[in-house]
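Engineer: So that we are looking at the same thing, I have put the structure below in structure tokens.
There are 2 protein chains.
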Amino acid sequence: MTSDVETRACDDDHQALRLWLRLLTCTNLIEADVRRRLTQRFSITLPRFDLMAQLDRCPDGLTMSELSKRMMVTGGNVTGITDQVEREGYVVREVMPHDRRVCRVRLTEAGRKVFAEMAAEHECWVKDLMAGLSEAEVKVLLDLLGRLKTHMVALKS
Amino acid sequence: MTSDVETRACDDDHQALRLWLRLLTCTNLIEADVRRRLTQRFSITLPRFDLMAQLDRCPDGLTMSELSKRMMVTGGNVTGITDQVEREGYVVREVMPHDRRVCRVRLTEAGRKVFAEMAAEHECWVKDLMAGLSEAEVKVLLDLLGRLKTHMVALKS
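Here the protein sequences line up with chains F and B, keeping their order. Just so you know, my numbering puts 86 at position 86 of the first sequence, and the rest follows in order with no gaps. Just so you know, my numbering puts 77 at position 77 of the second sequence, and the rest follows in order with no gaps.
In structure tokens form, the structure reads like this:
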């Protein structure tokens with residue numbers, strides 16, 4: 001009896017591990033494709049695109065520490081990436097009037113326009129990558145990964 | 001009519017993008033947790049663990065270029081990581097008798113033993129992270145992500 005339970009436990013572990021490796025493989029495949037296309041099409045790195053994406057969602061801008069927390073991809077420190085994008089004129093740093101130690105970064109009008117173009121193409125690339133799945137399957141994946149995420153966030157707190 | 005099709009297309013894009021961001025979030029959450037535990041428990045980095053995991057699957061060893069291709073996580077060049085793990089006595093480099101330009105890396109006995117211990121705990125961590133999902137749900141996720149992967153690999157070729 002004990003050996004049955006152990007065997008089953010072992011199989012469960014194995015499935016969990018297989019799922020983790022498959023998640024990682026899918027993420028790596030999408031990320032590599034998006035990175036390559038961003039470079040080819042817009043000469044932009046993924047971390048710079050990601051920084052602009054985070055700012056696009058927050059018209060009032062974000063502090064550097066908020067930006068750090070929200071960045072989805074690694075590949076450079078936020079200060080260095082912000083410097084580059086600022087030199088291109090796509091973001092500005094603004095010192096807060098009520099607290100001169102804090103500075104917020106926000107997209108410029110030029111940055112917002114350029115990002116909108118890039119984001120539209122980026123959505124098409126991602127849609128093509130996901131085209132092997134039906135709409136209903138995408139919904140199932142969204143739901144199950146949503147529950148996985150909720151469980152993991154609950155474990156952390 | 002055209003606007004309906006465009007609207008639907010837009011919604012589809014949006015779901016695909018949501019799925020990509022959710023995949024990335026789940027991967028980042030698991031990876032951060034595993035990284036933290038590997039450091040705390042075994043004072044080992046994820047790239048070093050990953051290198052040993054790849055070698056554990058190949059008792060005959062791998063060349064440096066094979067290792068490079070198989071590494072699942074980023075965070076250092078393979079030569080540097082191999083140097084570190086070699087200093088710890090967990091891998092050896094061997095020059096091939098038939099072609100002295102090629103060297104293979106393989107786990108030592110000590111490396112294989114240490115890796116087995118780490119891998120057993122690593123499986124438990126991953127199982128705990130996935131514990132929010134039933135066995136059946138894990139199978140569905142494995143299946144759908146498998147099909148996503150197959151589609152993406154087919155696109156590349």
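All C-beta atoms, glycine included, are put in the ideal place defined by N, C-alpha and C.
Apart from the five residues just before and just after Lys156(B), which ones in its own chain have a Cβ nearer than 8 Å to its Cβ?
Structural biologist: In the second sequence, the residue the question calls residue 156(B) occupies position 156. Result list for Lys156(B): empty, nothing under 8 Å.
Engineer: Is His98(F) close to chain B, meaning its C-beta is less than 8 Å from at least one C-beta of that chain?
Structural biologist: Taking the first sequence and counting its residues from 1, one reaches residue 98(F) at position 98. Not a single C-beta of chain B is nearer than 8 Å to the C-beta of His98(F).
Engineer: According to DSSP, simplified to helix, strand and coil, what is Glu94(F)?
Structural biologist: In the first sequence, residue 94(F) corresponds to position 94, counting from 1. Here Glu94(F) sits in strand by DSSP.
Engineer: Mind checking the segment 130 to 152 of chain B against chain F and listing, in chain order, the residues whose C-beta falls within less than 9 Å of any C-beta there?
Structural biologist: Met130, Ala131, Gly132, Leu133, Glu135, Glu137, Val138, Lys139, Val140, Leu141, Leu142, Leu144, Leu145, Gly146, Arg147, Leu148, Lys149, Thr150, His151, Met152
Engineer: Along chain F, which residues have their Cβ under 8 Å away from the Cβ of Ile81(B)?
Structural biologist: Along the second sequence, read from residue 1 onward, the residue named residue 81(B) stands at position 81. None at all; the shortest Cβ gap to chain F is about 17 Å.
Engineer: Is the beta carbon of Val92(F) within less than 7 Å of some heavy atom of the ligand FMN?
Structural biologist: Summarising the ligand content, the structure contains no ligands, and the ligand FMN is consequently not present.
Engineer: Leaving out the 5 sequence neighbours to the left and right, which residues in its chain are closer than 7 Å to Val102(F) when beta-carbon positions are compared?
Structural biologist: Here residue 102(F) refers to the residue found at position 102 when the first sequence is read from its first residue. When the five nearest sequence neighbours on each side are left out, the beta carbons in the same chain lying within less than 7 Å of the beta carbon of Val102(F) are those of Thr63, Met96, in order along the chain.
Engineer: Taking beta-carbon pairs under 9 Å, can you tell me which members of the segment 48 to 60 of chain F lie near chain B?
Structural biologist: none
Engineer: Quick one: measure Cβ to Cβ for Ala154(F) and Lys127(B), integer angstroms, because I've assumed they're closer than 8 Å.
Structural biologist: Position 154 of the first sequence, counting from 1, holds the residue named residue 154(F). Position 127 of the second sequence, counting from 1, holds the residue named residue 127(B). That belief does not hold up - the Cβ atoms of Ala154(F) and Lys127(B) are roughly 16 Å apart, past 8 Å.
Engineer: Give the DSSP-derived three-state secondary structure of Cys124(B) in the structure shown.
Structural biologist: Here residue 124(B) refers to the residue found at position 124 of the second sequence. Helix at Cys124(B).
Engineer: Does any residue of chain F have a CB that is nearer than 8 Å to the CB of Leu46(B)?
Structural biologist: As a working mapping, residue 46(B) is identified with position 46 in the second sequence. Output row for Leu46(B): interface = no.
Engineer: Give the straight-line distance between the Cα atoms of Phe217(B) and Trp125(F), rounded to the nearest whole angstrom.
Structural biologist: The requested residue 217(B) does not occur in the structure, where chain B is confined to residues 1 to 157.
Engineer: In whole angstroms, what is the alpha-carbon distance linking Gly132(F) and Thr25(B)?
Structural biologist: Translated into the one-based positions of the first sequence, residue 132(F) becomes position 132. Translated into the one-based positions of the second sequence, residue 25(B) becomes position 25. A direct Cα-Cα distance of roughly 21 Å separates Gly132(F) from Thr25(B).
Engineer: By Cβ distance, which residues of its chain are closer than 7 Å to Val121(F), with the 5 residues on each side in sequence left out?
Structural biologist: Indexing the first sequence from 1 puts residue 121(F) at position 121. Here residue 121(F) is Glu; the residue named in the question, Val, does not match the sequence. Here the set comprises Arg41.
Engineer: Buried or exposed: Arg48(F), going by 16 or more other Cβ atoms within 10 Å of its Cβ?
Structural biologist: Position 48 of the first sequence, counted from the first residue, corresponds to residue 48(F). It counts as buried.
Engineer: How big is the Cα-Cα spacing for Glu123(F) and His14(B)?
Structural biologist: Here residue 123(F) corresponds to residue number 123 of the first sequence, with the count starting at 1. Here residue 14(B) corresponds to residue number 14 of the second sequence, with the count starting at 1. Cα-Cα distance, rounded: 7 Å.
Engineer: Interface residues of chain B around Asn28(F) at Cβ under 8 Å?
Structural biologist: Taking the first residue of the first sequence as position 1, residue 28(F) is located at position 28. Per Cβ cutoff of 8 Å: Met72.
Engineer: Arg18(B): which of Leu145(F), Asn28(F), Met152(F), Thr39(F) sits nearest, CA to CA?
Structural biologist: Numbered from its first residue, the second sequence carries residue 18(B) at position 18. Considering only alpha carbons, the answer is Leu145(F).
Engineer: Using DSSP with H/G/I as helix, E/B as strand and the rest coil, what is Cys58(B)?
Structural biologist: On the second sequence, position 58 is the one that residue 58(B) refers to. If DSSP states are grouped into helix, strand and coil, Cys58(B) belongs with coil.
Engineer: For Val114(B), decide whether its Cβ has a neighbour in chain F, counting only Cβ atoms nearer than 8 Å.
Structural biologist: Start at 1 with the first residue of the second sequence, and residue 114(B) comes out as number 114. Output row for Val114(B): interface = no.
Engineer: Compare the beta carbon distance of Val91(B) and Arg106(B) with 8 Å and say whether it is the shorter of the two.
Structural biologist: Counting from one through the second sequence, the residue named residue 91(B) turns up at place 91. Counting from one through the second sequence, the residue named residue 106(B) turns up at place 106. Their beta carbons are under 8 Å apart, which means Val91(B) touches Arg106(B) by this criterion.
Engineer: In the DSSP assignment, find the beta strand (DSSP E) that holds Val105(F) and state where it starts and stops.
Structural biologist: To locate residue 105(F), count along the first sequence from 1; it is residue 105. Counting along the chain, the beta strand (DSSP E) containing Val105(F) begins and ends at 99 to 107.
Engineer: Taking the runs of the alpha helix (DSSP H) that are 4 residues or longer, which of them lie wholly in the segment 23 to 90 of chain F?
Structural biologist: 46 to 56, 64 to 70, 78 to 87
Engineer: Is there at least one Cβ from chain F nearer than 8 Å to Gln15(B)'s Cβ?
Structural biologist: Numbered from 1 along the second sequence, position 15 holds the residue referred to as residue 15(B). Gln15(B) counts as touching chain F.
Engineer: When we look at the beta-carbon of Glu6(B) and count the other beta-carbons within 10 Å, is it buried (16 or more) or exposed?
Structural biologist: For the purposes of this step, residue 6(B) is taken as residue 6 along the second sequence, with counting starting at 1. Residue placement at Glu6(B) is poorly supported in this model, since its pLDDT is 43, which falls under 50; the coordinates still yield a value, given next. Its Cβ having fewer than 16 others within 10 Å, Glu6(B) is exposed.
Engineer: Answer yes or no: does any C-beta atom of chain F fall closer than 8 Å to that of Val126(B)?
Structural biologist: For the purposes of this step, residue 126(B) is taken as residue 126 along the second sequence, with counting starting at 1. So, interface residue.
Engineer: Under the rule that 16 or more other beta-carbon atoms within 10 Å means buried, what is Thr82(F), buried or exposed?
Structural biologist: In the first sequence, residue 82(F) corresponds to position 82, counting from 1. Thr82(F) should be labelled buried.
Engineer: Using a Cβ-Cβ distance cut-off of 8 Å, determine whether Glu66(F) contacts chain B.
Structural biologist: Along the first sequence, one-based indexing puts residue 66(F) at 66. Answer no: the Cβ-Cβ gap between Glu66(F) and chain B never drops below 8 Å.
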